[in-house]
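Trainee:
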Amino acid sequence: MNRFLARNRLILLAYAGVVVLLLVTALFSPGFLSPANLRSTLVLAAFVGIVAFGQTFVIIGGGIDLSIPWVLNCAALLLTMMAGGQDLALIWAIPLLLAGGAAIGFLNGAGVAIFGVPPIIMTLAVNVILQGLILVYTGGSPTPSTPALIKFLAVGRVGPIPVIGLVWVALGIVATVLLSKSAFGRHLYALGTSATVAEFSGVPTARTTIITYMISGMTAALAGILLTGYSGVAYLGMGDAYLFTSVAAVAIGGASILGGSGHYLGTVAGALVLTILTGLLPALNLSNGALLVVYGAVILVTVSISSETWGVLFQHLRPPAREKQGETSG
Amino acid sequence: MELIDVKDLSKRFGGIIALSDATFSARAGEVHALLGENGAGKSTFIQILSGALRYDSGAIHVGGSEYRPQNPDAAQSLGIAAVFQELSLIPDLTVEENIWFRHEPLTWFGTTCRKRMRAATLELFDRYHFPAIRPDRELRHMTLAERQIVEIAKALAKNPRILILDEATSALPAIEADWLLKLSRQIAEEGRLSIFISHRMGEVRAVADRLTIFRNGSTVAVHEAKAVSDDQIVTEMIGRQLDRLYPVRTASRTERLALEVRGLSSGHRLRDATFALYEGEVLGVGGLQGHGQRELLQALFGAAPSKGDMKLWGKPVSPSSPRDALTGRDGIALVPEDRRGQGLLLPKSVSENLTLSVIRRFSRGGLLDKQQEAGLVREMVDFLRIKADTPDQPVGTLSGGNQQKVVFGKMLLTEARVLLLYDPTRGVDVGTKGEIFRLIRDLAAKGYAILFYSSDLPELVHVADRVLVLREGAIAATLSGDEITEEAILSAAVLDKAA
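Protein chains in written order, with our numbering: chain A, 1487 to 1816; chain W, 15 to 513.
(1) Within 10 angstroms of the Cβ of THR14(W), are there 16 or more other Cβ atoms? Answer buried if so, exposed if not.
(2) So PRO336(W) contacts chain A; which residues on that side make the cut at Cβ distance below 8 Å?
(3) List, in chain order, every chain D residue whose beta-carbon is nearer than 8 Å to that of ALA317(W).
(4) Starting from LYS324(W), follow the beta strand (DSSP E) in both directions and report where the run begins and ends.
(5) Please compile the residues from chain A whose C-beta is within a distance smaller than 8 Å of the C-beta of PRO350(W).
(6) Grab me the residues of THR121(W)'s own chain with a C-beta within less than 8 Å of its C-beta, minus the 5 sequence neighbours each way, in chain order.
(7) With DSSP run on the structure shown, which of helix, strand or coil describes ALA235(W)?
(8) For ALA1825(A), I'd like the list of residues in its chain whose CB is within less than 7 Å of its CB, leaving aside the five on either flank, ordered along the chain.
(9) Could you compute how far the alpha carbon of GLN162(W) sits from the alpha carbon of LEU197(W)?
(10) Tell me whether the beta-carbon of PHE228(W) lies closer than 8 Å to the beta-carbon of LYS56(W).
(11) Using the C-alpha atoms, what's the distance from ARG285(W) back to ALA490(W)?
(12) Let me make sure I understand the geometry here. Which of ASP245(W), ASN173(W), ALA133(W) and THR108(W) has the alpha-carbon closest to that of GLN200(W)?
(13) Can you grab the Cα-Cα spacing for the pair ASN112(W) / HIS143(W), in whole Å?
(14) Mind listing the chain A neighbours of GLU449(W)? Cutoff is C-beta to C-beta under 7 Å, in chain order.
(15) Would you say SER208(W) lies against chain A (beta-carbon separation less than 8 Å)?
(16) So which of PRO1648(A), LEU1552(A) and ALA1783(A) has the shortest CA-CA distance to MET1608(A)?
(17) From what residue to what residue does the beta strand (DSSP E) around LYS419(W) run?
(18) For ALA1563(A), does the count of other Cβ atoms within 10 angstroms reach 16, so buried, or fall short, so exposed?
(19) If distances are taken between C-alpha atoms only, which option among GLY487(W), LEU504(W) and VAL444(W) comes closest to LEU471(W)?
(20) Going along the segment 1741-1754 of chain A in order, which residues come within less than 9 Å of chain W, judged by CB to CB distance?
(21) Going along chain W, which residues have a C-beta under 7 Å from ALA1669(A)?
(22) Cβ atoms of LEU427(W) and LEU453(W): under 8 Å apart, would you say?
(23) Show which residues of chain W have a CB atom less than 8 Å away from the CB atom of SER1717(A).
(24) Can you pull the chain A neighbours of ASP357(W), defined as C-beta to C-beta under 9 Å?
(25) Counting along the chain, where does the alpha helix (DSSP H) carrying GLY93(W) start and finish?
(26) Would you say LEU1766(A) and LEU1507(A) are within 8 Å of each other, going by their C-beta atoms?
(27) Run down chain W in chain order and give the residues with a C-beta less than 7 Å from the C-beta of ARG1441(A).
(28) Hey, how far is the Cα of GLY380(W) from the Cα of PRO1604(A)?
(29) What three-state label does DSSP hand ALA1755(A) in the structure shown?
(30) Taking the alpha carbon of SER1732(A) as the point to measure from, which residue in THR1714(A), TYR1623(A), ALA1585(A) and GLY1756(A) has its own alpha carbon closest?
(31) I'd like to confirm the pairing. Which residues does DSSP put opposite ALA488(W) in its beta bridges?
(32) Cβ of PRO361(W) less than 8 Å from any chain A Cβ?
(33) So with CB distances below 8 Å, who are the chain W contacts of ALA1599(A)?
(34) Quick check on the burial criterion: 16 or more other C-beta atoms within 10 angstroms. Buried or exposed for ARG337(W)?
(35) Identify which residue in VAL349(W), ASP406(W), ALA47(W) and ASP396(W) has its Cα closest to the Cα of ARG214(W).
(36) Given that a residue counts as buried once 16 or more other Cβ atoms are within 10 Å of its Cβ, and exposed if not, what is SER332(W)?
So, in structure tokens, the structure goes:
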């Protein structure tokens, strides 16, 4: 564990950020730290955390998934249409939608890993295509009624703890096992650090890439399903906000946006930071426009502090490069 | 009159002392060799001279006046140009664009004047007798050796008073290395100073007037090159007597075929190669750089597409990826050409690098058995005597020689018994070189079959049982026993047999 922390100072930094933000928020609006409010913050953060689950894997592997918003949105819309408010239908609807998300991820991954399309282009194109398809399919009208079970998963509680918080914890465990305890995790970090070295080392690079996008597709779909429970309906555009936040949560969590480093435990802190921030800003009594400007700027600053800048700074503080000397022989 | 005079130069990086009271002085009109093991401070020293690093204390005088370089531009304006091993070239630009980068001849409109740039390039090439390189080629399509030559051209384009060559020959094949030695002499004869760094004693002998030896960040000796023996130099470099560099070669080859290759072609660089490699044999591969060695090794390893027949231990194989090649005991493993770009994940730990190719082996029901992994890592670190504080140390912070040992360890862990080595001693200090040669012979004695490409001829002569010489992508000669001499390899690499 100590080793883990030593290697992941940026994750600690992100959690320190969470604490600082909580304190600052408590100053501006004392009611913020009430149990009810903390709970609703946790629920909102969980959605960001679930969406960013897959994004974490994709980014560590050196890619990026921009198709998340409409995978999420499609899953949400299709769920309400398929289930028609009936819990029983969920038995087949949920697995089908998760599989559908994975299939979209497979398409993304195959495009990137096998056909060599840059991840930004591939996933952005898929995003637009999904948007178009779902517009055609639904005729643009929102659909009513979410099954009760989904509502329970999204906003229900077990004792004082939100159900979705438990889902999130479960995901955190799964992610930690995959990243820190499995051969797949090693392959993934190798791939993101250097695809060439990974290839020369016998790492199944294409397969690993495809799996990350499949995970991302699946968690985006899962988030879509759960969001219908939170808002009670599915509507067009409900996933748009998650494009930026999913990437920002990963970056604030200390991952290099270029791949090869980071951890889901960092992303969890990133999701909390972003959500608390969203809760804090309205207390500043700004107009909606000004709010967005501040939100964007704060995220920009946070991301740059938590990822690249600090990484680079730390490197300069350390004795640089016996590496260099070794190589150039000094 | 000393052109450059350095007194009591010191430099620390945090707790690490890179230079402590180093002295150095050299005259205009000489080739001055700077020698020392990896980590002796040579690199730091020349990085300071070229303005890439600042020093903590001491004094440098250039041409009689005090010199405190703040950045590389300051060094350049004083006429100091350095050629580093880490190339500073831009892959998307052409040869001439790289050479004149930030110093392009301009037209009236402030755009680059291509005509004058071309003329200046050709004049430069002509003046220093450069090997044939087309000025309009993009760097990305060029070999490491060719890029190194461009880097040299870039330094010379600044018409320096002091030219520093940091192991510039290590990436060059024999003929080009020879040219570089002549070029060093030319610089000296024109009344300028050439500071020459190399791990190859023969080159230092051939070119240097005087030499300065660094050890542990300090100057231990300055010699007239003619007045000192190789043994003395090596002893002063490493601070002790070195066992012989090359191990005794005991015949360990059996009659069992390890690798059989018939009509192997790859790209337009490797044509129709046919040869056999036996169990317990070290088969050398020689030839001028860019004559198909890379393609040969990469094709065998599945890293480049190829046509032809290949049998491993009697079984036909056709690896289409390194993954296909790395199949445990019956597989084939490679020490790649580019340690940093192909061999190692520099920010990752020694341990993670060592086990990357075999990580699945430690998987128990989906979870990694980290204790088993750590045990194997410890064994390998001990076996190869890898100098790292802990197995968790990032591999990028190790010296070049230790990095290369990690690459070897990673390869050995795959348990493959057919090994492909691409110039495994490049950028490795002389002590580690000796260890690598011994390792190669020891492995052969244990029944490994080893294909060993080296750009340094004496290595082939002293380590290999047989040598394949490649010319224009075809096997031009197969030498064995007493036939293996530097002359024989070189002439087969250059000449047609008929001639």
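For glycine and all other residues, C-beta sits at the position ideal for the given N, C-alpha and C.
Mentor: With the given structure in hand:
(1) Nothing about residue 14(W) can be reported from this structure: the residues present for chain W run from 15 to 513 only.
(2) As a first step, residue 336(W) must be located in the second sequence, where it is residue number 322. Ordered by position in chain A, the residues that pass the 8 Å Cβ test against PRO336(W) are GLU1685, PHE1686, SER1687 and GLY1688.
(3) The question asks about chain D, but that chain is absent: this structure's protein chains are A and W.
(4) Translated into the one-based positions of the second sequence, residue 324(W) becomes position 310. Per the sequence shown, the amino acid found at residue 324(W) is Met instead of Lys. In the DSSP assignment, MET324(W) falls within the unbroken beta strand (DSSP E) covering 321-326.
(5) Here residue 350(W) refers to the residue found at position 336 when the second sequence is read from its first residue. The answer, in chain order, is PHE1686.
(6) Locating residue 121(W) in the second sequence gives position 107, counting from the first residue. Excluding residues within five positions, the ones whose Cβ falls inside 8 Å are CYS127.
(7) The residue labelled residue 235(W) in the question sits at position 221 within the second sequence. Here ALA235(W) sits in strand by DSSP.
(8) Any property of residue 1825(A) remains undetermined from this structure, which presents chain A solely from 1487 to 1816.
(9) Looking up residue 162(W) in the second sequence gives position 148. Looking up residue 197(W) in the second sequence gives position 183. Going from the Cα of GLN162(W) to the Cα of LEU197(W) covers about 14 Å.
(10) Reading the second sequence from its first residue, position 214 is the one you call residue 228(W). Reading the second sequence from its first residue, position 42 is the one you call residue 56(W). Their beta carbons are under 8 Å apart, which means PHE228(W) touches LYS56(W) by this criterion.
(11) On the second sequence, position 476 is the one that residue 490(W) refers to. On the second sequence, position 271 is the one that residue 285(W) refers to. Approximately 11 Å between the Cα atoms of the pair.
(12) As a working mapping, residue 200(W) is identified with position 186 in the second sequence. The shortest Cα separation from GLN200(W) among ASP245(W), ASN173(W), ALA133(W) and THR108(W) belongs to ASN173(W).
(13) Translated into positions along the second sequence, residue 112(W) becomes position 98. Translated into positions along the second sequence, residue 143(W) becomes position 129. Rounded to whole angstroms, ASN112(W) to HIS143(W) spans 19 Å at the Cα level.
(14) Position 435 of the second sequence holds residue 449(W). Under the 7 Å cutoff, chain A gives no residues; its nearest Cβ is about 15 Å from GLU449(W).
(15) Numbered from 1 along the second sequence, position 194 holds the residue referred to as residue 208(W). No, SER208(W) does not count as interfacial toward chain A.
(16) Taking the first residue of the first sequence as 1, we reach residue 1608(A) at position 122. Comparing Cα positions, the closest option is LEU1552(A).
(17) Position 405 of the second sequence holds residue 419(W). For LYS419(W), there is no enclosing beta strand (DSSP E); the residue is found in the alpha helix (DSSP H) stretching over 414-427.
(18) As a working note, residue 1563(A) is residue 77 in the first sequence. One detail in the question is off: residue 1563(A) reads as Leu in this sequence, not Ala. With 16 or more Cβ atoms within 10 Å of its Cβ, LEU1563(A) is classed as buried.
(19) Numbered from its first residue, the second sequence carries residue 471(W) at position 457. Comparing Cα positions, the closest option is LEU504(W).
(20) GLY1746 and SER1747
(21) Within the first sequence, the letter at position 183 stands for residue 1669(A). Simply ILE373, ARG374, SER377 and LEU382.
(22) Taking the first residue of the second sequence as 1, we reach residue 453(W) at position 439. Taking the first residue of the second sequence as 1, we reach residue 427(W) at position 413. No.
(23) Residue mapping note: residue 1717(A) aligns to position 231 of the first sequence, counting from 1. Those within 8 Å of SER1717(A) in chain W number zero; the least Cβ separation is about 36 Å.
(24) The count along the second sequence starts at 1 and reaches residue 357(W) at position 343. In the sequence under discussion, the amino acid at residue 357(W) is Gly, which differs from the Asp named in the question. Within chain A, the residues near GLY357(W) are VAL1683, PHE1686 and SER1687.
(25) Residue 93(W) sits at position 79 when you count from the first residue of the second sequence. Here GLY93(W) belongs to no alpha helix (DSSP H), and DSSP marks it neither H nor E.
(26) Position 280 of the first sequence holds residue 1766(A). Position 21 of the first sequence holds residue 1507(A). Closer than 8 Å, so yes.
(27) Lying before the first or after the last residue shown, residue 1441(A) is absent from chain A, which here runs from 1487 to 1816.
(28) Your numbering for residue 380(W) matches position 366 in the second sequence. Your numbering for residue 1604(A) matches position 118 in the first sequence. Distance between the alpha carbons of GLY380(W) and PRO1604(A) is about 31 Å.
(29) Taking the first sequence and counting its residues from 1, the one referred to as residue 1755(A) is at position 269. ALA1755(A): helix per DSSP, three-state reduction.
(30) For the purposes of this step, residue 1732(A) is identified with residue 246 of the first sequence, where counting begins at 1. Measuring from the Cα of SER1732(A), the nearest candidate turns out to be GLY1756(A).
(31) Taking the second sequence and counting its residues from 1, the one referred to as residue 488(W) is at position 474. Paired residue(s): ARG485(W).
(32) Working through the second sequence from its first residue, we reach residue 361(W) at position 347. When Cβ-Cβ separations below 8 Å define contact, PRO361(W) makes contact with chain A.
(33) Counted from its first residue, the first sequence places residue 1599(A) at position 113. Within chain W, no residue has its CB atom less than 8 Å from the CB of ALA1599(A), the nearest being about 13 Å off.
(34) As a working note, residue 337(W) is residue 323 in the second sequence. So ARG337(W) ends up on the buried side.
(35) The sequence position of residue 214(W) within the second sequence is 200, counting from 1. When the alpha-carbon of ARG214(W) is set against those of VAL349(W), ASP406(W), ALA47(W) and ASP396(W), the nearest one is in ALA47(W).
(36) As a working mapping, residue 332(W) is identified with position 318 in the second sequence. Burial is judged here by how many other beta carbons sit within 10 angstroms of a residue's own beta carbon; SER332(W) has fewer than 16 and is exposed.
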